Amino acid sequence: MLTPPRTVVRRDGGLYALERALQRRGFRHVAGADEAGRGACAGPLVAAAAVLPEGRRGEIEGLADSKLLTPASRERVYAEVVARALAYAVVVIPAEEVDARGLHVCNLAAMRRALASLTTRPEYVLTDGFGVDGLDVPGLAVWKGDRVAACVAAASVLAKVTRDRIMVELDSHHPGYGFAEHKGYATAEHTEALRERGPCVEHRFSYVNVAAVSGRESAPPRARRPLGVAAAEPMERSGPAGGTVGVALGEQPRPPAPVGEDVVMEGGVR
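In this note's numbering, the protein residues as written are 771 to 1040.
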């Protein structure tokens, strides 16, 4: 049996080079998955998945890693992704769930759920940084995938814009923390507000900085959320045809994973 020629994708080939190479090998529908809010100490973790069309229709002007875009540019690209994607899905996991199950477990579960919710079944999956098991299609974890693959960049924009909108809404319910400005990340202003006010129900008590001001730093990460402090009811959201938005709950826990070590702004030094 002849071995098919090896496909070489140059890193400088542009944002669409990897997907185009996979499509030339017969994988027409390539899905990308990414998350937003992994490093935040308040608010939900949001994961998204997207399948872009082949050819010119799938090329979105200004598409890039969401962290490299201005808020206005993200909103514009978000609208283009929603309008053009063959399918997209967004999954929201509240802070209480992150505390109960652990950050990494929730991260993988959310991406898995988003990919499973796509109305167009992917034939190949690209994920940002972390491999996602439990899929019935081949996949590849790509280092800094949101800067390498267009479908991953599209997923990063969907996740980031969705989460930012949620944090702006939460700011009206929990004023004084500045959620609308820093989106739940551990900025100097947020840290000062935590010291003065203590954490609210939207904070992640499993994170060391929140645990310290709550007086529960000596408890194991998943036991730090005080009894009776539950997150607010998830906000229901809907998307147009081809897109789904939901809340990932009820999946069986996996072995413990480290949490609390990542409380810096997305795009910062980790």
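From the three backbone atoms N, C-alpha and C, an ideal C-beta is built for every residue, glycine too.
Note that this is a predicted model, so its numbers are computed, not measured.
Comparing C-alpha positions only, which one of the options sits nearest to residue i?
i: Asp1057; options: Gly915, Ala963 and Ala993; result: This structure cannot settle anything about residue 1057, because the visible part of the chain is limited to 771 through 1040.
i: Gly784; options: Val918, Arg994 and Gly985; result: Val918
i: Ala911; options: Gly904, Ala920 and Phe900; result: Phe900
i: Pro908; options: Ala842, Ala982, Leu885 and Tyr848; result: Leu885
i: Glu831; options: Leu815, Pro841, Val816 and Tyr848; result: Tyr848
i: Val862; options: Val999, Gly998 and Asp934; result: Asp934
i: Tyr955; options: Arg790, Arg798, Gly807 and Ala787; result: Gly807
i: Leu815; options: Lys953, Pro969, Leu896 and Gly802; result: Lys953
i: Val860; options: Arg798, Pro841, Gly802 and Arg992; result: Gly802
i: Glu972; options: Glu867, Pro990 and Arg986; result: Glu867
i: Ala810; options: Glu789, Leu896 and Leu873; result: Leu873
i: Glu789; options: Ala880, Asn877, Glu893 and Thr889; result: Glu893
Just the C-alpha distance for residue i and residue j, rounded to the nearest angstrom, thanks.
i: Val800; j: Leu856; result: 10 Å
i: Leu940; j: Leu833; result: 27 Å
i: Pro996; j: Ala865; result: 13 Å
i: Val851; j: Leu792; result: 20 Å
i: Val922; j: Asp804; result: 6 Å
i: Leu822; j: Leu838; result: 20 Å
i: Arg844; j: Asp906; result: 31 Å
i: Tyr858; j: Glu829; result: 16 Å
i: Ser988; j: Val927; result: 37 Å
i: Glu824; j: His944; result: 43 Å
i: Gly796; j: Arg891; result: 14 Å
i: Glu959; j: Tyr947; result: 8 Å
i: Tyr786; j: Arg994; result: 44 Å
i: Gly968; j: Gly998; result: 16 Å
i: Ala963; j: Val875; result: 29 Å
i: Ser942; j: Arg794; result: 49 Å
i: Ala1011; j: Ser887; result: Unreliable positioning characterises Ala1011 in this predicted model, as indicated by a pLDDT of 44, which lies under 50. A coordinate reading is not provided.
i: Arg965; j: Arg846; result: 36 Å
i: Ala853; j: Pro841; result: 18 Å
Pull the bridge partners of residue i from the DSSP assignment, please.
i: Gly802; result: Ala820 and Leu896
i: Ala787; result: DSSP lists no partner for Ala787.
i: Leu815; result: Ile863
Could you round the C-beta distance between residue i and residue j to whole angstroms and report it? I think they count as a contact, below 8 Å.
i: Asp869; j: Phe975; result: 5 Å
i: Asn979; j: Thr957; result: The pair is not a contact, with the Cβ atoms about 11 Å apart (cut-off 8 Å).
i: Ala950; j: Val938; result: 5 Å
i: Ala819; j: Ala925; result: 6 Å
i: Arg882; j: Gly904; result: 6 Å
Quiz prompt | Any alpha helix (DSSP H) of 4 or more consecutive residues that is wholly inside the region 833-892 | solution = 841-854, 865-871 and 873-886
- Identify every run of the beta strand (DSSP E) within the region 895-983, keeping only runs that are complete inside it and at least 3 residues long; order them along the chain. 909-912
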